[in-house]
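Structure record follows, encoded as structure tokens.
There are 2 protein chains.
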Amino acid sequence: MKTRLPMILPVLALLAAERPVAGDEGMWMPQQIPDLAAKLRERGFEGDPAAFSDLTGQPMGAIVFLGGCTASFVSPEGLIATNHHCATGALQYNSTPRRNLLVDGFVAKSRDGEESNGPGARVYVTVSVKDVTEAMTGRIDTKLDDRRRFDVVDRRTKEKVAACEASGHRCAVTPFFGGLKYFEIAQLEIQDVRLVYAPPVGIGNFGGETDNWRWPRHTGDWSFFRAYVGSDGRLAAFSKDNVPYRPAHWLRVQPAGVKEGDLVFVVGYPGRTQRHQTYAEVKETTEWMFPRIVRTYQEQIAILEALGKTDEELQIKAASRLRNLNNYLTNRKGMLEGLLEGGVLGRKKESQEALAAWIAADPERQKEYADVLPALDALQAESERTRERDAALTSLFTASPLLDQAHTAHLLAVEKAKKNDLDREAEYQQRNWVRIRESFERAQRTVDPRIDRALLKWAVGYAAALPAEQRIGGLDRLVGLTPGMAEPDADKAIEQYLERLVSGTKMADREFRLSLLDKTAAEVAATKDPFVDLALALDPLHQQNREAQKRKAGGMARLRPRYMKALLASAGGLVAPDANATLRVTFGTVKGKAQAADGTAWTAFTTLKGIEQKHTGEGEFDAPDRQLEAIRELRGGKTTPYADPAIGDVPVDFLSTVDITGGNSGSPTLNGRGEFVGLAFDGTYDTIASDFLFDDVNTRSIHADVRYMLWVMTEVDGAAHIVHEMLDR
Amino acid sequence: MKTRLPMILPVLALLAAERPVAGDEGMWMPQQIPDLAAKLRERGFEGDPAAFSDLTGQPMGAIVFLGGCTASFVSPEGLIATNHHCATGALQYNSTPRRNLLVDGFVAKSRDGEESNGPGARVYVTVSVKDVTEAMTGRIDTKLDDRRRFDVVDRRTKEKVAACEASGHRCAVTPFFGGLKYFEIAQLEIQDVRLVYAPPVGIGNFGGETDNWRWPRHTGDWSFFRAYVGSDGRLAAFSKDNVPYRPAHWLRVQPAGVKEGDLVFVVGYPGRTQRHQTYAEVKETTEWMFPRIVRTYQEQIAILEALGKTDEELQIKAASRLRNLNNYLTNRKGMLEGLLEGGVLGRKKESQEALAAWIAADPERQKEYADVLPALDALQAESERTRERDAALTSLFTASPLLDQAHTAHLLAVEKAKKNDLDREAEYQQRNWVRIRESFERAQRTVDPRIDRALLKWAVGYAAALPAEQRIGGLDRLVGLTPGMAEPDADKAIEQYLERLVSGTKMADREFRLSLLDKTAAEVAATKDPFVDLALALDPLHQQNREAQKRKAGGMARLRPRYMKALLASAGGLVAPDANATLRVTFGTVKGKAQAADGTAWTAFTTLKGIEQKHTGEGEFDAPDRQLEAIRELRGGKTTPYADPAIGDVPVDFLSTVDITGGNSGSPTLNGRGEFVGLAFDGTYDTIASDFLFDDVNTRSIHADVRYMLWVMTEVDGAAHIVHEMLDR
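What follows is the structure, encoded as structure tokens:
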């Protein structure tokens, strides 16, 4: 197992000395941290920066990935801390109409009481990162067209992944800097993950959507899981006989917390940033994609909320999806506002013109890069040609999980028929078959044709309104739609079609759905289930789009590394690659904000006092009675080690300048000694657009303070045994 | 004319050295300021503190009173600056359904265009303050009962006022420290006041009720009047031939404004504070009076708002009353919350117990004070006995201006019949006859029987629900109500009565109403106007209550000075008397707040940026187009002398620690050189309860920044000629 990673890209290393790194921008690859030693020392860091590049040491060995969220080991017995909003799925999976864990929270009083997070729940521990750039990009025939270039890269990726996974790890080959570099990442994959503790909604989601992405904040956004392995200590699927996993490293919890001005680190798996996109790409995002997303999310939220009001069962089934939609909606709105108000597009245009000028200024550069920008723009323009239709097609699948699963069953059957696993589309390779089955199983708790029907009505309505030159022919024929059809007529046809679809389907039946995964393509089609029919009607356009995407990806593989090389060379300085769901280290300072809304500033910490102030007893601001009582006891003179004498209260959440994004949710916040002092769980609204262009002055991350966690666990939630497990080491 | 005032009360002067004055508490009498010299020097004040005790010098000679608001001369030609919300009456008086100055604002382009503020508008300039304690309190027979004691004090007051007014001034004899001291105050009374300029509602009341009492604030709360006198330079009622008054003193405007940390003064006429009330008094306020007021204000606001929606004429007529009700409602709610949350009652109880202990600790004190607290409590208990009924009676008169005027006509006729002016009730003495007529005339613009009917329905409904032992007999008989009557029956009787009342009255007719003021009591009664009938039916209870109030006032005259003497002696330190609508000086620092709502702080200044952020184009957040354009021009590079380089924008409003209350509205804010740097116009919500117990940490006043005033006048409102009048001196 590789422990120390290769040094950063030579082109960057050369430039590192030229320009000082500004502010706290940077979701750094672990191996870049030693090069930031000077900056860290300036911030008062007394440890060894090299520790962050040792993925199997302290603290990096304790950081894990849950798929969409980050988490960390916080005890030698596999206890894992993450965000409450990362546990929504697990809470939902274990809820029933009579026992709504999403509302009431959950505390396992003993190991026996720890509940499975459901099939497909995973904990990933990154164990090695290997530079495979040469193997991935070397020796490619420059005369290959883009479509065939895609196949070369795709095949090489599959081959490397297969070789890596022979070791028993889960592997990925991931491009960095747009494919200028490739790294092969191997992860341990723990398959038995259980719910240990989550606070009730009045703590874990206190403030709800109103406070989401906002400061001042009083959300107790934490939950705890535990990793289990077979009794032989080896990785194993869920079994009653499994035993807690004993990680080599776990974080030490620092119950004294942090104070303003302290250096903090956040280590985790940030999902995606777009700081290195071209002007044309940001332009499409700003002017078309985000406005469309905001609109469609709002519409879907309204539909799901109305549906939830009719039936508590539907409400629970839609809860996780609704929370995600709301969260993304606020995020996308914030990004859009940030892009527009921050003039990001204008600044992007300027920087791209500067790059073009930099290229034009030197004959060598011209030779190397002159074709890149125009060619990238052409690729972008091509993909925008049929974007309305393509987005409508995607909306159909996202609107209806049952349609998506019917389609998945068909695609899987087609790919399974291929002899050689390397010939299969990546997502249908054998390594993913169990995952697909698990996702079908896990969906059972949220599946309801009434939800699919309501959202399909909306999605088909969009498709019905497409212009004549961008129709989804298969859908038109099946539903009986024509371009320019009067809306009432279209609505009537859609209603009649959806009635047939929903009344005729067996897709909500678990056995039927799972049985599709064992059928050949012909057998799938022969079920004649209306959702299968619809999937097959949509498949030709899906295939056509997929070919186009592969051509585009091949073009990107040809152009993007050169674009990035020019960009980095012209910019200078040590630069972190855009986030790509790989392990990153970021750091900053615990810090309020001198100018927030006009006339106001932010202090670095909130306290219990704010919970008393915000509590209304209703909706999103309904703190549990037990918590209010505990606060009264505190006000009455009861002592707690978790109050901050300087603040005169128990700190709840705090702000820092750390640079994070989606995927960092659940990341531990570490002090300068690598000790656990809280959980990152959000950023502030006005800096969401930092994903496109970092805002050095305004960017703030929001963390749950470890002292609030420990106080609630001890005084409110009856989870003192978990506190003991973390502190008694 | 007295210019330098006598030194402060000996009892206080003796104690001044014992305890340092804490924080910025204190609405100081001008003559107390020299004793605060050390504290002022500590704050960096370089002027002569004695200047503040010279009422006819600079700056005190420039400060004037408008009745409910403060104002100041800001040019040698009688230009007066005050708040926008102090001009509501004048704007309303000059509005018509087609020309709504409340919405559009007003700018007189020349002197000819300056409009009368209406009959009864006044500007008062305090010219002397004389200690008359001995004359008022000496030689009173200690065996007098409370009722006769009232008569003695009342007669002495009337005699002194009459003697003082022989000089042509308007005079008052006002108790300070609950009658421990009396001062005779003489004021110049300017009777021709005209509207010069008020910004549109989108500036002058930007943020409306939503922002009222709140920070961050962006209200441009100013307006300008001009004082006029006869062409011979003497005081005169409104006449076209009058000429601008030339004050001896006017404030110099400092266009550079202030910065955080600067010392500022506010000079004005704070109305009432209750910091020296007894526990029993604060208890009634907290537990009965304020909860009732909040409820009744809310109910009246709802009625007036509903009425305004039916008719634009009614809306204009009700506007001023509605704005006042809303403002008071927020104030009373804030006070009530502050009293409850701040535990004021508990602290008041403790301090009263401490006072009782202080008295009990010394035989001399016992002899002097032991009876005082129990006797004050007994007076309070007596006045609470019939408070439901008495409040219901008051509500009837406040609900209906027409009823109130019918009653006033009756009372005036009764008092006029008395030969000796000194025998008349104070408010019906000859000196007030013109005022009463003016108030009848001024009411014409707001009078509408539909409003009276709607609010009387509400007020009579209250009276109908009174318990059997607290009925208003005259009302019961007239309307046909009985105790315990079923609500629908009572409602029916009330509706029928109100129909008769409104259909039969001539009170909305100007001539009829004014004619009442010239009639004898018998002639008034003989009009048989239904409002007169109602007033006469209510009068017996009114007389009974008045007698009770006089008894109580006599008791207070006996007890309160001794209570205050004990309180001041036990407390120590230099203490400012409770506000009583006399001229006061307060000072503090331009300062934000390190802890506002949990997790937030306040900066000292807001800026134009906040207007851009808050502007929605609707309702209370609808900045004028011209203003938004001016902001765009500024952002586009246009320069202005009114931007603050340190802030990078034009400051809008600012916070200070100055101690003010209602009545200070319109007060000029002065820098350490006595220059005009803004207008005080509000306090922050969480410190409204400072009227009862000063909050040294949280109290903040809100000021309109002079730079915002000058910028709007120059760039937005077309009032540059007024800027020139102020600056070109």
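Protein chains in written order, with the numbering used here: chain A, 4 to 732; chain B, 4 to 732.
For every residue, glycine included, the Cβ atom is placed at its ideal position computed from N, Cα and C.
The structure presented is a predicted model; accordingly, all values stated were derived computationally and were not measured.
Taking just the CA atoms, how far does residue j sit from residue i?
{"i": "residue 163 of chain B", "j": "residue 618 of chain A", "result": "57 Å"}
{"i": "residue 647 of chain B", "j": "residue 714 of chain B", "result": "12 Å"}
{"i": "residue 731 of chain A", "j": "residue 76 of chain A", "result": "15 Å"}
{"i": "residue 4 of chain B", "j": "residue 414 of chain B", "result": "Caution applies to residue 4 of chain B, whose pLDDT of 27 falls short of 50 and renders its modelled position unreliable; the model cannot decide the point."}
{"i": "residue 24 of chain A", "j": "residue 568 of chain A", "result": "Legend: pLDDT at residue 24 of chain A = 40, less than 50; position of this residue unreliable, value from coordinates given subsequently. If you take the alpha carbons of residue 24 of chain A and residue 568 of chain A, they lie about 18 Å apart."}
{"i": "residue 28 of chain A", "j": "residue 700 of chain A", "result": "10 Å"}
{"i": "residue 238 of chain B", "j": "residue 247 of chain B", "result": "11 Å"}
{"i": "residue 95 of chain A", "j": "residue 668 of chain A", "result": "18 Å"}
{"i": "residue 449 of chain A", "j": "residue 405 of chain A", "result": "11 Å"}
{"i": "residue 574 of chain A", "j": "residue 217 of chain A", "result": "33 Å"}
{"i": "residue 209 of chain B", "j": "residue 712 of chain B", "result": "14 Å"}
{"i": "residue 622 of chain A", "j": "residue 204 of chain A", "result": "10 Å"}
{"i": "residue 704 of chain B", "j": "residue 656 of chain B", "result": "10 Å"}
May I ask you to report which of helix, strand or coil DSSP gives residue i?
{"i": "residue 583 of chain B", "result": "strand"}
{"i": "residue 199 of chain A", "result": "strand"}
{"i": "residue 647 of chain B", "result": "strand"}
{"i": "residue 230 of chain A", "result": "strand"}
{"i": "residue 419 of chain A", "result": "helix"}
{"i": "residue 272 of chain B", "result": "coil"}
{"i": "residue 207 of chain B", "result": "helix"}
{"i": "residue 594 of chain A", "result": "coil"}
{"i": "residue 143 of chain B", "result": "coil"}
{"i": "residue 547 of chain A", "result": "helix"}
{"i": "residue 291 of chain A", "result": "helix"}
{"i": "residue 697 of chain B", "result": "coil"}
{"i": "residue 74 of chain A", "result": "strand"}
{"i": "residue 404 of chain A", "result": "helix"}
{"i": "residue 671 of chain A", "result": "strand"}
{"i": "residue 48 of chain A", "result": "coil"}
Identify every residue that forms a DSSP beta bridge with residue i.
{"i": "residue 706 of chain B", "result": "B:657 and B:683"}
{"i": "residue 118 of chain A", "result": "A:198"}
{"i": "residue 242 of chain B", "result": "Partner(s): none; residue 242 of chain B has no beta bridge."}
{"i": "residue 131 of chain B", "result": "B:189"}
{"i": "residue 652 of chain B", "result": "B:647"}
{"i": "residue 109 of chain A", "result": "A:201"}
{"i": "residue 588 of chain B", "result": "B:31 and B:270"}
Label residue i either buried or exposed according to how many other C-beta atoms from any shown protein chain fall within 10 Å of its C-beta, with 16 as the threshold for buried.
{"i": "residue 718 of chain B", "result": "buried"}
{"i": "residue 525 of chain B", "result": "exposed"}
{"i": "residue 346 of chain B", "result": "exposed"}
{"i": "residue 546 of chain A", "result": "exposed"}
{"i": "residue 480 of chain A", "result": "exposed"}
{"i": "residue 34 of chain B", "result": "buried"}
{"i": "residue 532 of chain A", "result": "buried"}
So, do the region 472-485 of chain B and the region 540-555 of chain B have three or more beta carbon pairs nearer to each other than 8 Å?
The region 472-485 of chain B vs the region 540-555 of chain B: in contact.
On the three-pair Cβ rule with 8 Å, is the region 167-179 of chain A touching the region 190-202 of chain A?
Yes, they touch.
Taking 8 Å as the cut-off, does the region 220-227 of chain B touch the region 337-356 of chain B (at least 3 CB pairs, one atom from each stretch)?
With the cut-off at 8 Å, the region 337-356 of chain B and the region 220-227 of chain B do not touch.
Quick test of the definition: if touching needs 3 or more C-beta pairs under 8 Å, does the region 550-562 of chain A touch the region 374-386 of chain A?
Flag = yes, the region 550-562 of chain A and the region 374-386 of chain A touch.
Counting beta carbon pairs with one atom in the region 362-380 of chain A and one in the region 450-464 of chain A, are three or more of them shorter than 8 Å?
The region 450-464 of chain A vs the region 362-380 of chain A: no contact.
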